[in-house]
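To start, the structure itself, in structure tokens.
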Amino acid sequence: MRTSATTSLFLLSVYLVRANPIETSYKASCEVCHPTKEGYTNVHLIPHTHDDVGWLKTVDQYFYGQRPDIQKAAVQIIIDSVVDELSKHPDRRFIYVETAFLKQWWDIQNDERRAKMRTLIEKGQLELISGAWSMHDEAVTHYHSIIDQFTLGFGTIDQMFDGLSCAKPKIGWQIDPFGHARETASILAQMGFDGLFFARLDHQDRARRIRDKEMEFVWRASESLGNASSIFTQAFYKHYSAPSGYCFDLVHCNDQPINENPNSGDYNVPNRVNSFMEFVNSQKDTYQTEHMLVTMGDDFTYQQAASWFDNIDRLIKHVNAEQKNGSMINLLYSTPSCYLQAVHRADKVWKTKSDDLFPYADGDHSFWTGYYTSRPTLKYMERRGNNLLQVCKQLSVLAELKQEKWEDLDSLREAMGVMQHHDAITGTEKQHVADDYAKMLYKGMLDCGATAAKAINKLSAKITEAPNVNYESCLLLNVSQCEISESNEKFVVTLYNPLAQEASTYVRLPVQNFKYTVSQGTVPIATQMLKIPDHVLRVPYRISTAVQELVFKAIIPPLGFQTFYVTKTAEESAVPAPVEGDGKFAIQGNLIQANVDPNTGLFESLYSKQNGLKYTGLSQNFYYYLGSNGNMESSQSSGAYIFRPNGNATVINATPEIATFKGELVQEIHQKFSDWVSQIIRVYADNEFVEFEWMIGPIPAELLVNPGKEVVTRYSAQDLVTNGIFYTDSNGRGSIERKRDYRPTWDLDLKEEIAGNYFPVTTFITTKNETEMTVLIDRAQGGTSLQDGTLELMLHRRLLFDDGRGVGEALNEKYEDPNSGASQGMIARGRHLFSFAPISEALSTTATAKARRWSRDNMILAPWAFFAPTDLSDSQWLENYEVLYQGINNKVPENVNILTLEPTKGGEEVLVRFEHFYEPNDDPALSANSLVPIYNLTKRFGTDKMIEEMSLGANRRLAEVSRLQFRMDGAEAEKERNIAPVIDAGDSILLQPMEIRTFVVKNNSGTARFSVLSLVFLLLIAIAFPGQMN
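Counted the way our numbering counts, the sequence shown spans residues 23 to 1052.
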């Protein structure tokens, strides 16, 4: 239906109320950039320190300077020294990135020192860059956690500096991550950032970009979001360190200072000036403008900042003095914001990029694709930490808890912020640092769980006299261990659903050899007993007497919980026996049937009961690569960062032992491939995917026999021709096309055909032609499609050689066997969800869209179980507690996710993010625009509240955000997407595909209004987009 010109004009006028931010007059940080000289090469010197939030030392060891035997680094001394030296001269500049360390420093300062830092920020001498809790990795992090850790950093900065505008970061500074993601660029753009700078770039890509002068570009990070997700991006010429010979750090460097005393025998000004000018002339033509950014710093530099600043002062003075002799080089103290302002003024037309920067290689045989999988148990723990954090934050809002102490929520918020660091979740840290990360995360999860328990008690109590329930999480359910379910005659399981839609899940509880009843209220529900697999029973560090699991299905309301009452009967339950005969080669539910080959015991086919089709020629098995320790081509070893296999993969076992167990709720085939590789193939009654639950370890690794193994699983579909194309997610959000032996922006010369075809997989990988084969994962892993019709995922790695990238340790994770005391290699257990469907069937919803949804529902925001023993009967429990709770009042559309619901300002305000979950072509109906009812969504969103829209990072009102716009080559810059205004009380907000909108809910001192404009607007939307309002 066409709209009239009058209607269009009216819509335009309404849209302008809340249009995406557009460019306004731009001033650099607090309007104090040093002047540049037109016609000169203006060299912007950026003093900085790169402070890893853990790597060779723990976070606290780095901050306080402990363990100098490992690395001489003390962050508190760096910040102290920089603050003092900046105060001595107003021309000096410095940038700081890691809010985790900044907060530690701030907390131990007196008011005078705090005021001095604030003054430096106000004067533009100190600029806070990026502002996240840590400098996040971009390959193996999930967008949910990326946004969270930026929000934590921004909120902390606002709290420290009372919302000071000059302290709000506007530049992305991702100088050390090992490759760069499209989704990170999109997130930074949506946070209102003007630019993004990074250092690490594939060596072949760098050479091509230097040659073609394309080190700067506009990253168009999302087709769905258009210009709102585009950001100016620049790669450094080499690294983020100071130019060779100009590191003036007395702790880390041996470079000569500038001696400007002409009477000294070591006077060296002419030599130092000429050398620096040669450096500038060698690089200046690489970039498009007369401006050049030069970093002056490195890892943990500026512990004696005077040495740096005094020498930079002299360098600027003497190089600029050469202008009177005809030099066209102009040096100045600068910041990335000031540099970007100068580049923007040049008004150039820039090349664009729409793919990502993975994988990263710094040599022909050195692909940084191993860390996609390194330390898989820590990666899994981080993913579970995010799941629990969202549960705790939501429950805090729903129960209207006030944050009274750090342990309430900030303990896990901060641990998760640290875990996003590019040497944390990546698995590229030293072992004792990984142990410290795990302890930090574990403590945060315990603290968060205590807060959640407090909230559930408040929400569930029917009477004030109801006893307090001691809810706990069972964090070792992945090895079938839970003390409460194993040792109590009666207990309750309360399942909380963090989704905005109803959730369905199957619950598995480790129990004794007795029969159990499970009730909703007082009504028994169907259950099933299952044998715990032998390979799980043998896990050495499993402390459990359970040999069976109790299984039942739960349906949980949106943002709500359901409590189940479990009772152990006096009747013993024999361990289920495996199925014999031909029946052991097939397992099925109501929707699908999975079959294994009777001759091999390997997965071979899938039957869909929905369409009556059987898909044959399928397979799945385990393989290992021997890690290289160097060869005639290169001395490069496989290690924590680098994946370099020594030859092709070797199959572990082509005929595993199998045992099949069947019931009404779930059926399983247990496979044993070796003493260190086992798996369960599982089909639940009402699920449309096959679950593969694998367990790997301890991986054999003998120094004299092999340098370590890297274990993969490979899914195959015979005759699936894909022309080398497959797809992965980008940080768990949009999908991105991959192609074997190919890079979109340069002609690839590939020397490592296996490692060079690995890409980061955060949530799913898929390949398709007439059919789509998709695998979902429960933690980040490396993945590829080395042959048409195959998907390969690396599960676990154990290596005996360091790969020479700085960590100085082999990736040889061990644990101490509690029985024998011997050290063993780490065991990892995880899940994959497998789907195979024809394209014709998937036309309603694409496989990638289904994958994102399944991943969210089963892996990212799965229902969380809280356990508590009880002496009450089921009827007494009902008298005291609600067993069913729904936290939202309005129905949220199926294509919308409540990405964030958390308390801020100590619980006085609420931060909420709504996310459209589909890309434009995912689904004919669900990819349409969606109206989300925001007022009265929960009781915290009443009409007496003021709802204010913010930038994605929640530290700026959206109306106050202005971003620099850069002209793009080949097409006029796309207009900002028209997005509907926030409607007053009682109405909804409009979400377009893949859009995230962020709001703060506050107490409103005035009377809530319902505007006539709102009604007219909704009517016009309905006219303009018939059939698209869900």
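C-beta atoms are modelled at their ideal positions from N, C-alpha and C, and glycine is treated no differently. None of these values were measured; they are calculated from a predicted model.
Counting C-beta atoms within 10 angstroms of its own C-beta, His443 has 16 or more neighbours from the protein chains shown and is therefore classed as buried. Look at the beta carbons and you see the segment 785–805 touching the segment 742–761: at least three pairs across the two are nearer than 8 Å. About 5 Å separates the Cβ atoms of Pro667 and Ile776, confirming a contact at the 8 Å cut-off.
Going by C-alpha positions, Gly623 is about 60 Å away from Lys1024. Lys235 sits away from Thr311, with the two beta carbons spaced by 8 Å or more. Burial check for Gln181: the Cβ neighbour count within 10 Å stays below 16, so the residue is exposed. Under the DSSP assignment, Val533 falls in the beta strand (DSSP E) whose first and last residues are 525–533. 8 Å or more divides the Cβ of Trp195 from the Cβ of Leu174. By the Cβ neighbour-count rule, Lys346 is exposed, with fewer than 16 other Cβ atoms within 10 Å of its own. Between the alpha carbons of Arg405 and Gly471 lies a distance of about 15 Å. Judged by their CB atoms, Arg962 and Val932 are nearer to each other than the 8 Å cut-off. Contact between the segment 756–765 and the segment 883–898 is not established, with fewer than three Cβ pairs separated by less than 8 Å. The C-beta separation of Pro265 from Val341 comes to about 12 Å, leaving the pair out of contact by the 8 Å criterion. In this structure the segment 602–617 lies against the segment 701–719, because at least three pairs of beta carbons, one per stretch, are closer than 8 Å. Of all alpha-carbon atoms in Pro678, Val1022, Val413, the one lying nearest the alpha-carbon of Ile478 is that of Val413. In the structure shown, Leu272 adopts coil according to DSSP, grouped into three states.
Contact between Ala437 and Leu463 holds: CB atoms are separated by about 5 Å, below the 8 Å threshold. The C-beta separation of Leu770 from Gln226 comes to about 7 Å, placing the pair in contact by the 8 Å criterion. The DSSP-derived three-state label of Ser757 is strand. Counting the other CB atoms within 10 Å of its CB gives Val699 a total of 16 or more, which places it among the buried residues. Two segments are said to touch when three or more pairs of C-beta atoms, one from each, lie closer than 8 Å; by this definition the segment 385–393 touches the segment 649–667. When only Cα atoms are considered, Thr121 and Ala189 end up about 12 Å apart. Of the other Cβ atoms in all chains shown, fewer than 16 fall within 10 Å of the Cβ of Ser895; this residue is therefore exposed. Judged by DSSP secondary structure, Ser482 falls within the alpha helix (DSSP H) whose first and last residues are 453–482.
Inter-residue distance for Pro729 and Ser650 is about 7 Å (C-alpha atoms, whole angstroms). Ile100 is the residue among Leu410, Lys373, Lys415, Ile100 whose C-alpha sits nearest the C-alpha of Ser329. Between Tyr86 and Ala95, the gap from beta carbon to beta carbon reaches 8 Å or more.
Lys512: not part of any alpha helix (DSSP H); member of the beta strand (DSSP E) spanning 512–519, first to last residue. Residue state for Asn880 is assigned as helix, using DSSP reduced to three classes. Where Trp127 is concerned, the enclosing alpha helix (DSSP H) starts and stops at 121–129.
For Leu218, the enclosing beta strand (DSSP E) begins and ends at 217–220.
Between the segment 1012–1019 and the segment 941–951, the count of Cβ pairs shorter than 8 Å is three or higher; the stretches touch.
Excluding residues up to 5 positions away in sequence, Leu628, Tyr637, Leu640, Ala739, Thr793, Met795 lie with their Cβ nearer than 7 Å to the Cβ of Phe858 in the same chain. Secondary structure remark: continuous beta strand (DSSP E) runs of at least 3 residues inside the segment 219–250, in chain order: 238–242. In this structure, Phe748 keeps its C-beta atom at 8 Å or more from the C-beta atom of Trp372. Selection Arg115, Ile338, Phe215, Gly975 evaluated against Val65 yields Ile338 as nearest (Cα-Cα).
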